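Participant:
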Amino acid sequence: MRENLRYTIFIVFFSVVLLLISQIGVAGYIHRSEDVVWPSERIAVCWENLTQDDNIHAKKVQSIVSTEYFKAGYDFYSWVKCDSYLNLPKYLIRIEIVKGIPSCKDYGFRINHLKSGMNLKFSFSPTDVCAKNEKTKERCIQIYALHEFGHAVRLLHEHERLDSNCFRGNWEETKKSGIEVSEYDKLSIMDYCQNRRMRNGKMPIMLSKGDLEAIKKINDRQAPTSECTELQFPVKEQQIPLIIDLNNKIKKIFP
Numbered sequence: 102m103r104e105n106l107r108y109t110i111f112i113v114f115f116s117v118v119l120l121l122i123s124q125i126g127v128a129g130y131i132h133r134s135e136d137v138v139w140p141s142e143r144i145a146v147c148w149e150n151l152t153q154d155d156n157i158h159a160k161k162v163q164s165i166v167s168t169e170y171f172k173a174g175y176d177f178y179s180w181v182k183c184d185s186y187l188n189l190p191k192y193l194i195r196i197e198i199v200k201g202i203p204s205c206k207d208y209g210f211r212i213n214h215l216k217s218g219m220n221l222k223f224s225f226s227p228t229d230v231c232a233k234n235e236k237t238k239e240r241c242i243q244i245y246a247l248h249e250f251g252h253a254v255r256l257l258h259e260h261e262r263l264d265s266n267c268f269r270g271n272w273e274e275t276k277k278s279g280i281e282v283s284e285y286d287k288l289s290i291m292d293y294c295q296n297r298r299m300r301n302g303k304m305p306i307m308l309s310k311g312d313l314e315a316i317k318k319i320n321d322r323q324a325p326t327s328e329c330t331e332l333q334f335p336v337k338e339q340q341i342p343l344i345i346d347l348n349n350k351i352k353k354i355f356p
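Have a look at this one:
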């Protein structure tokens, strides 16, 4: 009897240790709903209103998004004008180039085939911090793109986590829909403070190790569900905004 008890305790302890080890390097803030998970990691991308003047920026966005998210198992392909398809791909993100704030109209699979489901910005007013010089402008365009594609694969704003040390300023909050995975990742592309450091040239523009591991968890269908234990994926209610503005000026898209 005593021997069986010792064996049971050992098995439980060993399982917990393995669980904790599996979470090392994993960090992120993930949307809790399963209906936002893409059925496939191969997703076409198209442009709603691409012009000749936008081509250079569009190619750079395609390059950095394809390269960085490929590391996490996603294949974003096509990148043509949306009206050029004879037959629409099964999975498709439609991007509109806008003058306003870059955004996603929803998270993950919910934007599949949604007209202007993602908005990206290639031009900035003279007073915009991103218009400081050409290098800063290019950095801003790439940061916006990587960040919004983060929403497209289920990631939420990292700085909105309860354990974040990123000053929130006047950023408005919207929905309660997040699940925190492991510890706060200050290097995440989804963190506004990290976005500012990238914009200022202090950090390279890339997905963090935590971003990649969190996305891989989603790809492997190991993302949190209602059946996950609190030890595995501690659930903490928090309100999540959908949009990013490197000028620290935020307005809501939806009520």
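Counted from 1, the sequence shown has number 141 at position 40 by our numbering; the numbering is strictly sequential. C-beta atoms are modelled at their ideal positions from N, C-alpha and C, and glycine is treated no differently. All of these numbers come straight from a predicted model, not from anything done at the bench.
(1) Could you name the residues of the same chain whose beta carbon sits closer than 6 Å to that of M291, not counting the 5 residues immediately before and after it, in chain order?
(2) With a Cβ-Cβ cutoff of 8 Å, do V146 and I196 count as a contact?
(3) How would you write the range of the beta strand (DSSP E) that E197 sits in, first residue to last?
(4) At which residues does the beta strand (DSSP E) containing F225 begin and terminate?
(5) How many Å lie between K238 and E281 at the Cα?
(6) In whole angstroms, what separates the C-alpha of L247 from that of V166?
(7) Under a three-way DSSP split, which group does A145 fall into?
(8) Could you say which of Q295, D155, S309 and P305 lies nearest to K182 if we only look at CA atoms?
(9) Taking D229 as the reference, which of L308, C294, I306 and K200 has the closest Cα?
(10) Is C241 near the ligand GTP, with its Cβ less than 7 Å from a heavy atom?
(11) Hey, could you find the ends of the alpha helix (DSSP H) K238 is sitting in?
(12) With a CB to CB cut of under 6 Å and the five nearest residues on each side skipped, what residues in its chain are close to W148?
(13) Would you list the residues sitting across from M219 in a DSSP beta bridge?
(14) Helix, strand or coil for K310? Go by DSSP, reduced to three states.
(15) Check whether the Cβ atoms of G129 and N320 sit closer than 8 Å, and answer yes or no.
(16) Candidates I306, M219 and N266: which alpha carbon is nearest L193's?
(17) Within 10 angstroms of the Cβ of Q243, are there 16 or more other Cβ atoms? Answer buried if so, exposed if not.
(18) First and last residue of the beta strand (DSSP E) that includes S167?
Facilitator: With the given structure in hand:
(1) As a working note, residue 291 is residue 190 in the sequence shown. Taken in chain order, the residues that qualify are G251, L256, H258 and E259.
(2) Here residue 146 refers to the residue found at position 45 of the sequence shown. Here residue 196 refers to the residue found at position 95 of the sequence shown. When the beta-carbon positions are compared, V146 and I196 come within less than 8 Å of each other.
(3) The sequence position of residue 197 within the sequence shown is 96, counting from 1. Per DSSP, E197 belongs to the beta strand (DSSP E) from L193 to V199.
(4) To locate residue 225, count along the sequence shown from 1; it is residue 124. From DSSP, F225 is part of no beta strand (DSSP E); its letter is neither H nor E.
(5) Numbered from its first residue, the sequence shown carries residue 238 at position 137. Numbered from its first residue, the sequence shown carries residue 281 at position 180. Taking the straight line from one Cα to the other gives about 32 Å.
(6) Position 146 of the sequence shown, counting from 1, holds the residue named residue 247. Position 65 of the sequence shown, counting from 1, holds the residue named residue 166. So the alpha carbons of these two residues sit roughly 6 Å apart.
(7) Here residue 145 corresponds to residue number 44 of the sequence shown, with the count starting at 1. Reduced to three states, the DSSP call for A145 is strand.
(8) Numbered from 1 along the sequence shown, position 81 holds the residue referred to as residue 182. Closest option to K182, Cα to Cα, is D155.
(9) Numbered from 1 along the sequence shown, position 128 holds the residue referred to as residue 229. That would be K200, whose Cα lies nearest to the Cα of D229.
(10) Absence of the ligand GTP from the depicted structure is noted, as is the absence of any ligand whatsoever, leaving it without description.
(11) For the purposes of this step, residue 238 is identified with residue 137 of the sequence shown, where counting begins at 1. Unbroken alpha helix (DSSP H) run through K238: E235 to A253.
(12) In the sequence shown, residue 148 corresponds to position 47, counting from 1. Setting aside the 5 residues that flank it on each side, W148 is surrounded in the same chain by K182 and I196, each with a C-beta closer than 6 Å to its C-beta; the list follows chain order.
(13) For the purposes of this step, residue 219 is identified with residue 118 of the sequence shown, where counting begins at 1. Within the DSSP bridge table, the entry for M219 names I196 and C205 as partners.
(14) Locating residue 310 in the sequence shown gives position 209, counting from the first residue. In the displayed model, K310 falls within a helix according to three-state DSSP.
(15) For this step, residue 129 is matched to residue 28 along the sequence shown. For this step, residue 320 is matched to residue 219 along the sequence shown. No. Outside cutoff.
(16) Start at 1 with the first residue of the sequence shown, and residue 193 comes out as number 92. When only C-alpha atoms are compared, the closest one is M219.
(17) Here the question's residue 243 lines up with position 142 in the sequence shown. Flag for Q243 reads buried.
(18) As a working note, residue 167 is residue 66 in the sequence shown. Taken as a continuous stretch (DSSP letters only), S167 belongs to no beta strand (DSSP E), being part of the alpha helix (DSSP H) at N156 to F171.
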